[in-house]
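In the UniProt record's numbering, the protein residues as written are 1 to 131.
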């Protein structure tokens, strides 16, 4: 594995011999990048992100999803509506504990009080819920 050092072979760069490249700098003829340990890491075209995006957005997973929606439309709608409702509920719960600069809003709840008396927090959130 090549080391991320500037070239010492050129006479014009003799004063820079031993200087190390910064992390993230290209090395090995633009086929790698320097990491924090000053090692030249090769660029892997089929890395983790590429594999994950191929798995999630490839033709087979989308075909399975389309088939599920076509065969079970009510279950799919229930999953979408349920996850949307849970997201809204979670955001509203977190909003109870977030301070605001608006003087007309209520003061944020203390987390200890919510843990001690969860019913009070549910009552505060239920006033915001849209059913």
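Just so it is clear, CB atoms sit at the ideal spot from N, CA and C, and this is done for glycine as well.
Looking at the unbroken beta strand (DSSP E) that takes in residue i, where does it start and where does it end?
| i | result |
| --- | --- |
| residue 41 | 40-42 |
| residue 32 | 32-34 |
Assuming residue i contacts residue j under a Cβ cut-off of 8 Å, what Cβ separation, rounded to an integer in Å, is found between them?
| i | j | result |
| --- | --- | --- |
| residue 32 | residue 40 | 4 Å |
| residue 111 | residue 97 | 6 Å |
Per DSSP, residue i is paired with what?
| i | result |
| --- | --- |
| residue 26 | 33 |
| residue 122 | Per DSSP, none; premise fails for residue 122. |
| residue 3 | 39 |
Taking 9 Å as the cut-off, decide whether the C-beta atoms of residue i and residue j are in contact.
| i | j | result |
| --- | --- | --- |
| residue 45 | residue 35 | no |
| residue 38 | residue 4 | yes |
| residue 109 | residue 121 | yes |
| residue 107 | residue 99 | yes |
Quick one: give me the first and last residue of the alpha helix (DSSP H) that residue i is part of.
| i | result |
| --- | --- |
| residue 50 | 48-57 |
| residue 73 | 73-96 |
Beta carbon of residue i: closer than 8 Å to some heavy atom of the ligand MG?
| i | result |
| --- | --- |
| residue 123 | Absence of the ligand MG from the depicted structure is noted, as is the absence of any ligand whatsoever, leaving it without description. |
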